[in-house]
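Protein chains: 2
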Amino acid sequence: MDDGPSTAGQQRPPLRADAQRSVDALLAAAAEVFAESGVDAPVRKITAKAGVGAGTFYRHFPQRSDLISAVFRREVDACAAAAPALTAQYPPLDALTRWLERFAGFIATKRGLSAALHSGDPVYDSLPCYFQQNFEPVLADLLERAAQAGAIRSDADPWDLLRAIGNLAVPLEDGDDHTQRMISLLVDGLRYGAGAGAQPS
Amino acid sequence: MDDGPSTAGQQRPPLRADAQRSVDALLAAAAEVFAESGVDAPVRKITAKAGVGAGTFYRHFPQRSDLISAVFRREVDACAAAAPALTAQYPPLDALTRWLERFAGFIATKRGLSAALHSGDPVYDSLPCYFQQNFEPVLADLLERAAQAGAIRSDADPWDLLRAIGNLAVPLEDGDDHTQRMISLLVDGLRYGAGAGAQPS
DNA sequence: GCACGATACGGAACATTGTTCCGCTTAGCA
DNA sequence: TGCTAAGCGGAACAATGTTCCGTATCGTGC
């Protein structure tokens, strides 16, 4: 969906192969480093993990916010893209649950992002929108399939659920047992109103 | 209200006179520097303005969040404390207007604080509460006096007003003409429903 | 008023991180 | 295969956070 660092680029010549490799490596490394150290992690940590020099980093991401934004979008895309595979592979309720857990994992790597979002940098303005626009339809589809299968009630609002799980998963601390338990609680809640004789797990 | 940096101190021996001077100087300097450069301003800028060494700074504020929190509380106190004098010196409606402008000035120095508040540092958890607990009664009193004088309507909610002006004053950019105009607009709005034949300015 | 111990001060030194610069390497192309 | 522009690496520099310790000051008991 996004093949480069700057989203505002008008018409930029296609990246040379090695440059594309660098960008990919940096995004992958940054995602890992952000997950373990937050978005304020030192540049050197990222370049080291990516195996590139500092110059290369600043060539592709002159502003830190460019990198943060790019990593965020890439991870949103990846998480949203996981849904179809789950839908194809599992029954609707399982697909739903597994995707919610995947989503919680996504949220868990967002330490420090909340503060960045409030920094006032206009680069971030579009991120909440990107978040909603990508996730809401995905979850709506999962919910609808599960509802049509009679596994869950049909009046759940996707956006409500996304925010609820977003809040549940914020901590990131200790084991994610807690988040997982809360998710299954939510899913049980969804099942409660299903047409058939659903029973809590 | 708060005579030292750490709010969690159990029973700490009273500060030596020179230490108290240092703390005061640092808080005053930090307030100025924060206002002009945001809460991420370099430590050296603060110590230079306060006329103290780096060691002194870290002795009193081991964590930056300690300083930010202390400055915030001190300024909340000062702003809230300005109300009685205004009440004594001006008619109720004037006192109300002047205090709201003072409050807007307070908000205008809070660049970067919003991001800090979302950083997750538990030191900040109590600040929003402190903000509300100090300002709401003050404004409620000003509103009530103005309402009893027949200058404004009596159904205004203090907390609503605080948040509204907080939002109006956020920018801090250009001249504060804009904020001032918006405040007088709000006050006119309050006057509109007054019992007597109040007329917009 | 004086001496003494505890407390606090200042600022140089060190550590960490952000950012730039430039000689060298490589991809893409004719 | 050779040329050129794009890209790379990492040393060097700059800005800032943080520590350390010799010196100065305060509060106190006499």
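Protein chains in written order, with this note's numbering: chain A, -12 to 188; chain B, -12 to 188.
Every residue gets a Cβ at the ideal spot worked out from N, C-alpha and C, and that includes glycine.
| Asked | Found |
| --- | --- |
| Below 7 Å CB to CB, which residues in the same chain sit around residue 235 of chain B once its five sequence neighbours on both sides are set aside? | With chain B running from -12 to 188 in the structure shown, residue 235 of chain B is simply not present. |
| Which value, in whole angstroms, describes the spacing of the CA atoms of residue 109 of chain B and residue 106 of chain A? | 19 Å |
| Taking residue 178 of chain A as the reference, give the member of A:10, A:57, A:121, A:135 with the closest Cα. | A:135 |
| I'd like to know if the stretch 39 to 46 of chain A and the stretch 96 to 105 of chain A are in contact, where contact means that at least 3 CB-CB pairs between them fall below 8 Å. | no |
| Quick check on the DSSP output: the alpha helix (DSSP H) that includes residue 9 of chain A runs from which residue to which? | 4 to 24 |
| Please report the distance separating the alpha-carbon of residue 85 of chain B from that of residue 155 of chain B. | 16 Å |
| Taking residue 105 of chain A as the query, report the chain B residues whose CB atoms sit under 7 Å from its CB, ordered along the chain. | 101, 102, 105 |
| If distances are taken between C-alpha atoms only, which option among A:52, A:11, A:170 comes closest to residue 34 of chain A? | A:11 |
| Buried or exposed for residue 72 of chain A, going by 16 or more other Cβ atoms inside 10 Å? | exposed |
| Are three or more beta carbon pairs between the stretch 138 to 147 of chain A and the stretch 85 to 99 of chain A nearer than 8 Å? | no |
| Between residue 14 of chain B and residue 54 of chain B, what straight-line distance do the alpha-carbon atoms span, to the nearest angstrom? | 7 Å |
| State yes or no: is the C-beta of residue 80 of chain A within less than 7 Å of the C-beta of residue 133 of chain A? | yes |
| Could you tell me the distance, in whole angstroms, from the CA atom of residue 78 of chain A to the CA atom of residue 88 of chain A? | 16 Å |
| Among the residues of its own chain, which have a CB less than 8 Å from the CB of residue 125 of chain B, if the five just before and after it don't count? | 67, 70, 86 |
| If you draw a straight line from the C-alpha of residue 147 of chain A to the C-alpha of residue 153 of chain B, how long is it? | 28 Å |
| At what residues does the alpha helix (DSSP H) containing residue 41 of chain B begin and finish? | 41 to 47 |
| For the alpha helix (DSSP H) holding residue 71 of chain B, just list the boundary residues, first then last. | 51 to 76 |
| Within 10 Å of its beta-carbon, does residue 56 of chain B have 16 or more other beta-carbons around it, so buried, or fewer, so exposed? | buried |
| Considering only their Cβ atoms, is the gap separating residue 83 of chain B from residue 122 of chain B smaller than 7 Å? | no |
| Are the beta-carbon atoms belonging to residue 37 of chain A and residue 16 of chain A less than 7 Å from one another? | yes |
| Any heavy atom of the ligand NAD within a distance shorter than 6 Å of the CB on residue 177 of chain A? | This structure lacks the ligand NAD, and indeed carries no ligand of any kind. |
| Kindly say whether residue 179 of chain B, judged by its beta-carbon, lies nearer than 7 Å to any beta-carbon of chain A. | no |
| Would you decide whether residue 113 of chain B is buried or exposed? Buried here means 16 or more other CB atoms lie within 10 Å of its CB. | exposed |
| Please report the residue range of the alpha helix (DSSP H) in which residue 147 of chain B lies. | 145 to 156 |
| Just reading off the alpha helix (DSSP H) that residue 125 of chain B is part of, what are its end residues? | 114 to 135 |
| What's the call for residue 91 of chain A, buried or exposed, on a 16-neighbour Cβ count within 10 Å? | buried |
| Going by CA-CA distance only, name the one from A:20, A:111, A:167 that's closest to residue 50 of chain A. | A:111 |
| Can you round the beta-carbon distance between residue 58 of chain B and residue 18 of chain B to whole angstroms, since I take them to be within the 8 Å contact cut? | 5 Å |
| Grab me the residues of residue 3 of chain B's own chain with a C-beta within less than 6 Å of its C-beta, minus the 5 sequence neighbours each way, in chain order. | none |
| What's the call for residue 75 of chain A, buried or exposed, on a 16-neighbour Cβ count within 10 Å? | exposed |
| Within its chain, find whatever has a CB closer than 7 Å to the CB of residue 169 of chain B; leave out the 5 residues flanking it on each side and keep chain order. | 155 |
| Would you mind sorting residue 22 of chain B into buried or exposed? The rule is 16 or more other CB atoms within 10 Å of its CB. | buried |
| For residue 5 of chain B and residue 41 of chain A, what's the separation of their Cα atoms in angstroms? | 46 Å |
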